Amino acid sequence: MSRIYLSEAQKQRIFHQLEQAYPEEAAGFLLGHMVEGYIAGADVVIDEVVPVDNVSDAGKKRRHFVIKPQDWMRLEDQADASGLRLIGCYHSHPDAPATPSAFDREHSYPDFLYIIVAVKKGRATDMRSYELGREGSHKHITAVVSDEAWQEIMSWDHVQ
Numbered sequence: 003m004s005r006i007y008l009s010e011a012q013k014q015r016i017f018h019q020l021e022q023a024y025p026e027e028a029a030g031f032l033l034g035h036m037v038e039g040y041i042a043g044a045d046v047v048i049d050e051v052v053p054v055d056n057v058s059d060a061g062k063k064r065r066h067f068v069i070k071p072q073d074w075m076r077l078e079d080q081a082d083a084s085g086l087r088l089i090g091c092y093h094s095h096p097d098a099p100a101t102p103s104a105f106d107r108e109h110s111y112p113d114f115l116y117i118i119v120a121v122k123k124g125r126a127t128d129m130r131s132y133e134l135g136r137e138g139s140h141k142h143i144t145a146v147v148s149d150e151a152w153q154e155i156m157s158w159d160h161v162q
């Protein structure tokens, strides 16, 4: 994966949800499609941003997020029905950097995109995207937030 493209409206929707949940972590899914060869390799275009509930134990919600298995299955079905893929998820790090935590690395899925947003004192301040590896490694993925680029790519045929 080379780059991820999302619209300004999608970014703002993510930020709003995560700021509203502060000081707890919040999360959601990213539905999208792959586009071959836009720059180099396969780029990812986000078609839909879908908030989900953090069902982590009450005392742990400030540092962890847990998504119900039913939400995973529902979003997989929704993606399939729309001709999309469940590309990844996003979540907040309240008063912490937008880098993968030890918990994130331990509970990650390979080949799944993770957008992490730092929320400091109730305001989203930084957004970064990663692919997390099997042995706890992580690779930064460039996130391009541009309505023009997003709309241009959305007009292309989807590549699965």
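Residue numbers 3 to 162, in our numbering, belong to the letters of the sequence shown in order.
Cβ atoms here follow ideal geometry from the backbone N, Cα and C, with glycine treated the same way.
Predicted, not measured: the structure shown is a model, and the values here were computed from it.
Could you check if K13 is buried or exposed, using at least 16 other CB atoms within 10 Å of its CB as the buried criterion? Its Cβ being crowded by 16 or more others within 10 Å, K13 is buried.
Are the region 95-106 and the region 72-81 touching, with three or more C-beta to C-beta distances below 8 Å? When Cβ pairs closer than 8 Å are counted between the two stretches, the region 95-106 is seen not to touch the region 72-81, the count staying below three.
Cβ shell of A42 (< 8 Å), same chain only, five flanking positions each side left out: Model confidence at A42 stands at a pLDDT of 45, short of 50, so the residue's coordinates are unreliable; what they give is reported in the following sentence. S4, listed in sequence order.
Tell me which residues share the same chain as A151 and place their Cβ nearer than 7 Å to its Cβ, disregarding the 5 neighbours each side in the sequence. Answer for A151: Y7, listed in chain order.
Grab the span of the alpha helix (DSSP H) containing L8 for me, first residue to last. For L8, there is no enclosing alpha helix (DSSP H); the residue is part of the beta strand (DSSP E) that begins and ends at 5-8.
First and last residue of the uninterrupted beta strand (DSSP E) at A126: Residues 125-134.
When the Cβ atoms of the region 112-129 are set against those of the region 53-73, are three or more pairs found closer than 8 Å? When C-beta atoms of the region 112-129 are compared with those of the region 53-73, fewer than three pairs fall below 8 Å, so the two segments do not count as touching.
Identify the continuous beta strand (DSSP E) that holds P71 and give its terminal residues. In the DSSP annotation of this structure, P71 is not part of any beta strand (DSSP E); the continuous alpha helix (DSSP H) holding it starts and ends at 71-84.
Going by DSSP in three states, H66 sits in which element: helix, strand or coil? In this structure, H66 counts as coil in the three-state DSSP scheme.
With DSSP run on the structure shown, which of helix, strand or coil describes E21? Looking at E21 - three-state DSSP - the assignment turns out to be helix.
Measure from the alpha carbon of K63 to the alpha carbon of each residue in F31, Y24, P99, then state which is nearest. Measuring from the Cα of K63, the nearest candidate turns out to be Y24.
Let me know if H18 comes out buried or exposed under the rule of 16 or more other beta-carbons within 10 Å of its beta-carbon. Under the 10 Å beta carbon count, H18 is surrounded by fewer than 16 other beta carbons and is classified as exposed.
Which residues in the same chain have their Cβ closer than 8 Å to the Cβ of S84, if we skip the five residues on either side of it in sequence? For S84, the CB contacts under 8 Å within the same chain, skipping 5 residues up- and downstream, are L33, D49, E50 in chain order.
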